[in-house]
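In the working numbering, the protein residues as written are 6 to 80.
Next up, the structure:
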């Protein structure tokens, strides 16, 4: 299982992240506080305070998705 803290600055960044997540055949969750969101849901991703730090959790590996996650990684 992989976990990474990420943060977004614009809606366009969220669209890129969701698009990359949608191309993965495995589940991807984003945790904001006590709320867990499906990373493949644009409405879900826009419903959280995406300017705060979020934790993305996924079990499999996908090179393109890993690249996008690293682009928005905090730290």
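Every residue, glycine too, gets a C-beta built ideally from N, C-alpha and C.
Residue i versus residue j - alpha carbon distance
i: residue 19; j: residue 47; result: 8 Å
i: residue 80; j: residue 31; result: 26 Å
i: residue 70; j: residue 9; result: 12 Å
i: residue 66; j: residue 13; result: 22 Å
i: residue 7; j: residue 75; result: 12 Å
i: residue 58; j: residue 77; result: 10 Å
i: residue 37; j: residue 23; result: 16 Å
i: residue 29; j: residue 68; result: 10 Å
i: residue 54; j: residue 25; result: 20 Å
Heavy atom of the ligand MN within 8 Å of residue i beta-carbon
i: residue 35; result: No copy of the ligand MN occurs in the structure displayed, which carries no ligand at all.
Inter-residue CB distance, residue i and residue j (contact presumed, cutoff 8 Å)
i: residue 35; j: residue 50; result: 7 Å
i: residue 33; j: residue 45; result: 7 Å
Residue range of the unbroken alpha helix (DSSP H) whose run includes residue i
i: residue 37; result: Run containing residue 37: none in the alpha helix (DSSP H); it sits in the beta strand (DSSP E), 33-37.
i: residue 20; result: 16-27
Three-state secondary structure (DSSP) of residue i
i: residue 74; result: helix
i: residue 64; result: coil
N- and C-terminal bounds of the beta strand (DSSP E) containing residue i
i: residue 7; result: 7-11
For residue i: DSSP bridge partner residues
i: residue 48; result: DSSP output for residue 48 lists no bridge partner at all.
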